[in-house]
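Accompanying notes for the structure given below.
Numbering (the working numbering), first residue to last: 10 to 648.
In structure tokens form, the structure reads like this:
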């Protein structure tokens, strides 16, 4: 192997011989040399003039194969192995003569690790810009077996330099003869290989320019989307899809952090791999560990996950989602770590380029702007919503207040009308009586009949009662009802009340049945106020019904309360009337008299002050049933 290496260096090293025209021993050899030069010139012309790089290279290889009269011409490109990262090469182009089996699709020649076959010496030769010419029969066993498996008897490898570095090799294989390549042939082919390297360099430059243009267009389009759209999700979805396509990555996603979880905002992933949306925390502090790893705010670049040390939970994430290489760019919003823009490669390690990192860094700024813009818009929208709700709420309150004011105004008008009517009636009656006396009697002393005096007194008492009711209603609202509690037997109180109301019952041709038992336990109540409740309920029933009313008084024990009943067989009332009957100034629609409607309101005030409740049931035509509750003087078991 050392002899082959030395011979190759001497044969291809320009310093080993003076530049001179080749010397051929026969005219036939001279014609072969001329044919080779013409073929190299034609292949060079094709490489330099064709717009289609792939077609040009394939045509050049065909020309070289024909003029060199070999069986196979091919090009290998050097690159790191996608899985292990070790030096490797892959066959990219190939020409074969008729009857020779093509090997371009042979998986053995893709990601071929030449170090595994002891070919490092060949690699050092071509890296020093020299060619390698070998006879396969003379190689060591493992190398000989490798090339004999392809039916190769002799081979020439010519380096392809790009920007002063080894990009690949161009190979010439002879499957029928052990060909010895002359230094002049090798020099001519190395010249062509240099031209091919120039084409590759031009292609790389063109690709770099296209990449720059694409990158600038990508950044410009994203900036334009941010200016034109407030749809953050659409912006992020488009961004990850375009970045994955541009970089040829397997997965691109954007995540955000909050206090409890990691949320995937957008993702574009190859169908062969799991979605990052399937991620679940492996530990309670999983999210905190990820945040802590990136809190420094620096871009994290991993070319090969096998060669870096990561926190255990992150390393496990790499395994779970088949991450072999990746770039994570922090997203900073209002000077706080908001999330990450992440690009990952799952097929194998990847040597990330500087322009790719710069692109992601610029994109992260655009994404952060979009997120900040969306947050500001959301805050503004929420503020507008709150203001609209406040305005709507205030409008409803004003409408309600206005309606209440209208109701209050109507109630006031009704009250003034009723109160003035109730006061005017007795006053007018008194004036008429007095006027009649003055008209009929001309003496200085007028004899007033007893019946007239009684009418005047009754009229004055009625006016005084109206005024007192109004004052008491106002006083109960301001200071509350004042009660003087004492144990009270309800049966005795009702007997007294019925006796006092007997003339009124006779006048209204009404009958009253007292079912209140004398054996009931005493209640704790104010007797005067409780009398007013019964008087109001009874007189209210008489005033709002026709003559001949039947009244029933009853009381039962319910737990530690006494439930009192005042029932009649009168006209009853509608449901809407029952709902408002105990409000201030409420008046029945079937009333035979026009009162200001304070009686039932005072009843509710009195019963409530006692700690009880009051209500009414009944339907139109079925009478009314008033009830109220009072606390017993002591704890009583229900019999």
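No residue lacks a Cβ here, since even glycine has one placed at the ideal position from N, Cα and C.
- Under the three-state reduction of DSSP output, residue 296 falls in the helix class.
- Counting along the chain, residue 610 sits inside the alpha helix (DSSP H) bounded by residues 608-618.
- With contacts defined as CB atoms closer than 8 Å, residue 197 and residue 170 fail to qualify as a contacting pair.
- Counting every other CB atom within 10 Å of its CB across the protein chains shown gives residue 272 a total below 16, marking it as exposed.
- Of all C-beta pairs linking the region 95-107 to the region 119-134, three or more are shorter than 8 Å, placing the two stretches in contact.
- The C-beta distance from residue 175 to residue 131 rounds to 12 Å, too long to fall under 8 Å, and the pair is not in contact.
- When C-beta atoms of the region 350-363 are compared with those of the region 305-319, three or more pairs fall below 8 Å, so the two segments count as touching.
- When DSSP states are grouped into helix, strand and coil, residue 624 belongs to the strand group.
- It is roughly 15 Å from the alpha-carbon of residue 230 to the alpha-carbon of residue 377.
- Rounded to whole angstroms, the Cβ separation of residue 302 and residue 177 is 39 Å, and the two are not in contact under 8 Å.
- Shown here, residue 637 sits in a strand according to DSSP, grouped into three states.
- Straight-line measurement puts the Cα of residue 184 at about 14 Å from the Cα of residue 190.
- For residue 255, the enclosing alpha helix (DSSP H) covers residues 241-256.
- Between residue 532 and residue 642, the CB-CB gap stays under 8 Å.
- The bridge partners DSSP lists for residue 262 are 276, 351.
- DSSP, read as helix, strand or coil, puts residue 337 in strand.
- About 7 Å separates the CB atoms of residue 622 and residue 616; that is less than 8 Å, so the two are in contact.
- Residue nearest to residue 509 within the set 333, 547, 326 is 547 (criterion: CA-CA distance).
- A residue is called buried when at least 16 other Cβ atoms come within 10 angstroms of its Cβ; residue 187 does not meet this threshold and is exposed.
- At the C-beta level, residue 181 and residue 82 come within 8 Å of one another.
- For residue 181, DSSP records a beta bridge to 82, 165.
- Closest in alpha carbon position to residue 110, among 160, 139, 73, 101, is 160.
- Residue 128 and residue 297 have their alpha carbons spaced roughly 49 Å apart.
- The three-state secondary structure of residue 524, taken from DSSP, is coil.
- Cβ neighbours of residue 76 within its own chain (closer than 8 Å, five residues either side excluded): 44, 45, 47, 48, 49.
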